[in-house]
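Numbering (numbering that gives the first Met the number 0), first residue to last: 0 to 439.
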Amino acid sequence: MSKFDHSISRRAFARGLGFGLVALGTPALAAPADGSLFGEQAEWVQKYEADPRLSVPRTTTPILSGQTIAATEQAIALYQNIAARGGWSDVPNQTMKVGTKSAAVVALRQRLMITGDLDETAGTSPVFDSYVEAGVKRFQARHGISSTGVVAQQTIAALNVPAQVRARQLEINLVRLRAFSGNLGGRFVTMNIPGASVETVEGGQVVTHHQAGVGKIDRQSPVMQAKAVEINFNPFWTVPASIIRKDLIPKMQKDPNYLSDNKIRVYNSAGSEVAPNAINWNSMEATQYKFRQDPGGDVNSLGFVRINIPNPHGVYMHDTPAKGIFGDDFRFVSSGCVRVQNVRDYVAWLLKDSPGWDRDRIDDVIRSGERVDARITQPVPVYWIYVTAWSNDGLIQFRDDIYQRDGFGAGAVSVSAASSSEAREGGLLEPMALTDVPRR
Numbered sequence: 000m001s002k003f004d005h006s007i008s009r010r011a012f013a014r015g016l017g018f019g020l021v022a023l024g025t026p027a028l029a030a031p032a033d034g035s036l037f038g039e040q041a042e043w044v045q046k047y048e049a050d051p052r053l054s055v056p057r058t059t060t061p062i063l064s065g066q067t068i069a070a071t072e073q074a075i076a077l078y079q080n081i082a083a084r085g086g087w088s089d090v091p092n093q094t095m096k097v098g099t100k101s102a103a104v105v106a107l108r109q110r111l112m113i114t115g116d117l118d119e120t121a122g123t124s125p126v127f128d129s130y131v132e133a134g135v136k137r138f139q140a141r142h143g144i145s146s147t148g149v150v151a152q153q154t155i156a157a158l159n160v161p162a163q164v165r166a167r168q169l170e171i172n173l174v175r176l177r178a179f180s181g182n183l184g185g186r187f188v189t190m191n192i193p194g195a196s197v198e199t200v201e202g203g204q205v206v207t208h209h210q211a212g213v214g215k216i217d218r219q220s221p222v223m224q225a226k227a228v229e230i231n232f233n234p235f236w237t238v239p240a241s242i243i244r245k246d247l248i249p250k251m252q253k254d255p256n257y258l259s260d261n262k263i264r265v266y267n268s269a270g271s272e273v274a275p276n277a278i279n280w281n282s283m284e285a286t287q288y289k290f291r292q293d294p295g296g297d298v299n300s301l302g303f304v305r306i307n308i309p310n311p312h313g314v315y316m317h318d319t320p321a322k323g324i325f326g327d328d329f330r331f332v333s334s335g336c337v338r339v340q341n342v343r344d345y346v347a348w349l350l351k352d353s354p355g356w357d358r359d360r361i362d363d364v365i366r367s368g369e370r371v372d373a374r375i376t377q378p379v380p381v382y383w384i385y386v387t388a389w390s391n392d393g394l395i396q397f398r399d400d401i402y403q404r405d406g407f408g409a410g411a412v413s414v415s416a417a418s419s420s421e422a423r424e425g426g427l428l429e430p431m432a433l434t435d436v437p438r439r
């Protein structure tokens, strides 16, 4: 296998090259301030405890910005230079953590030094000490890997992507970034598919960051431009025909109580409710009926909120009752729509210029369980993009080329991470098409 056969990216959030040793803490579970208000699961965020002088701050520079384009150009030159000088050698496929003593630790130190994840003064000792652990955490954070400080399979795969591949990856994504170099609007939203993340932008600065759950490899979220025009609180969800065929029928074959347990009602063409046991689930008969899930953030696949962004693909953004996914590295779990972490913060930002929709009103409506729609006074541009590598605020970042669009061939995907994410969903159906938006 050549070096080019390696996976070409890992999800990232952190700094890039050459700014010394950064001590990063471990990810922590943080419950929303009002998480107990609605009896929700806690939403996961990454939190780093570090010396303020060495910390990796969350960037305020939008991924779609002139600053990011300029910084990515500099990152390309830097990686090209590293590649021209011979790049780096592979790190042995060996699990390493604090206390490990091995020649593999020497190779790890040398690898981290080349990309500035470990200060050159750290030396070449074969002992995996706290300095190496901090460097590993920094590297993991830059590549979107949980910052455990333990070198295992996923981290080794990212370490061993050749420098020339990283340089080429940055070049490919620079073209994508330049495609958005025009006027994007004073207020806009960016959802980066490979990063499974959302950022809101206003006045040239990122206002809020949100982890996201995006389309599976076989049900991909589209690259597109749209506008957020309306918020649906406590929405119903009408199950699309494709989901009935692919998901609902198989679930009912396994568990005849699935519909009742998940508050999904069945209606015939006349609008009358039909008992689930009246349908032959060993056939396609179910596709002749309409399936609608009752509102309720504890069960409804849309959670408490749906954000309507009219588009030809019929996808949208929404809350989810399966908030544990936001703590996973692998968040490619949907059927094309996008689940948004801390969705009330996101909605509050979207509605901030809409009279009568302050945060208290939003929380009151959600608490009430009432089906309510809120129009966004000034529709907000929303950009779904596919960017796997870029640099801004001194940070060089890489993401998994999850849909294999960078042209390097099949990359390694963490199967165990994907399995844990899907298991965490608790058997929920995943929304795909926008079928029950109120018609006006």
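Glycine residues also receive a C-beta, built at the ideal position from the N, C-alpha and C atoms.
Short Cβ contact (8 angstroms threshold) for residue i with residue j
i, j, result
"Arg338", "Ser353", "no"
"Asp392", "Thr60", "yes"
"Pro221", "Val386", "no"
"Gln252", "Asn281", "yes"
"Val379", "Phe187", "yes"
"Ser334", "Ile242", "yes"
"Gly143", "Arg398", "yes"
"Asn191", "Ile68", "no"
"Phe235", "Gln292", "yes"
"Gly98", "Leu117", "no"
"Phe325", "Gln210", "yes"
"His208", "Arg57", "yes"
"Phe290", "Ile263", "yes"
"Phe138", "Leu176", "no"
Residue span of the beta strand (DSSP E) that contains residue i, given as start and end
i, result
"Tyr78", "Careful: Tyr78 lies outside any beta strand (DSSP E), inside the alpha helix (DSSP H) at Gly65 to Ala83."
"Met223", "Met223 to Phe232"
"Ile306", "Val304 to Asn307"
"Val337", "Val337 to Val339"
Residue i to residue j span [Cα, whole Å]
i, j, result
"Ile278", "Leu394", "56 angstroms"
"Gln448", "Tyr382", "Limits of the chain in this structure are 0 at one end and 439 at the other, which puts residue 448 out of reach."
"Ile230", "Pro320", "17 angstroms"
"Ser271", "Thr237", "15 angstroms"
"Gln287", "Ile308", "28 angstroms"
"Asp128", "Phe407", "35 angstroms"
"Gly214", "Val314", "10 angstroms"
"Val304", "Val342", "8 angstroms"
"Thr199", "Tyr257", "37 angstroms"
"Tyr47", "Ala285", "Any answer about Tyr47 is weak, because its pLDDT of 36 lies below 50 and its placement is not dependable; what the coordinates show is given next. Rounded to whole angstroms, Tyr47 to Ala285 spans 49 angstroms at the Cα level."
"Ala347", "Val228", "14 angstroms"
"Ser35", "Arg366", "Here Ser35 scores only 36 on pLDDT, less than 50, and its place in the model should not be relied on; the value that follows carries that caveat. So the two alpha carbons sit approximately 11 angstroms from each other."
"Val273", "Asp372", "28 angstroms"
"Arg141", "Glu201", "25 angstroms"
"Pro255", "Ala240", "19 angstroms"
"Val160", "Ile384", "23 angstroms"
"Leu158", "Tyr130", "17 angstroms"
"Val364", "Asp400", "39 angstroms"
Terminal residues of the alpha helix (DSSP H) in which residue i lies
i, result
"Trp356", "Unbroken run through Trp356: none, as it is neither H nor E."
"Phe138", "Ser129 to Arg141"
"Val379", "It is not in any alpha helix (DSSP H) - Val379 instead sits in the beta strand (DSSP E) that spans Val371 to Ile384."
"Arg110", "Ala102 to Ile113"
"Arg343", "Val342 to Leu349"
"Leu258", "Tyr257 to Asp260"
Beta-carbon proximity list for residue i, same chain, < 7 angstroms, skipping 5 on both sides
i, result
"Val126", "Lys100 and Val104"
"Glu72", "Leu173"
"Leu169", "Thr71, Ala74, Ile75, Tyr78 and Ala388"
"Ile113", "Ile81 and Trp87"
"Gln66", "Thr60 and Asn391"
"Asp33", "Residue confidence is low: Asp33 scores 38 on pLDDT, short of 50, so the model does not pin down where it sits. Its coordinate-derived value is still stated next. The answer, listed in chain order, is Asp362."
"Ile155", "Val90 and Asn92"
"Ser413", "Low per-residue confidence applies at Ser413: pLDDT is 35, beneath 50, and the placement is therefore not dependable, though the value from the model is reported in the following sentence. So the list reads Gln153, Asp328 and Phe329, once near-sequence residues are dropped."
"Asn267", "Val273 and Tyr288"
6 angstroms Cβ shell around residue i - same chain, five flanking residues per side excluded
i, result
"Ile171", "Asp405"
"Tyr402", "Gln219"
"Thr94", "Ala151"
"Phe179", "Leu63"
"Met316", "Ile306, Val337 and Val339"
"Arg165", "Tyr78"
"Glu119", "Met112"
Residues that DSSP places opposite residue i in a beta bridge
i, result
"Tyr266", "Glu272 and Lys289"
"His208", "Glu198"
"Phe331", "Val213"
"Thr189", "Glu198 and Tyr382"
"Arg165", "For Arg165, which the question treats as bridged, DSSP gives no partner whatsoever."
"Ser390", "Ile395"
"Trp236", "Gln292"
"Val150", "Met95"
"His317", "Arg305 and Arg338"
Own chain partners of residue i with C-beta closer than 8 angstroms, once the 5 adjacent residues on each side are dropped
i, result
"Glu369", "Phe232 and Asn233"
"Thr123", "Val105, Arg108 and Gln109"
"Ala195", "Arg10, Gln210, Ala211, Gly212, Val213, Arg330 and Phe331"
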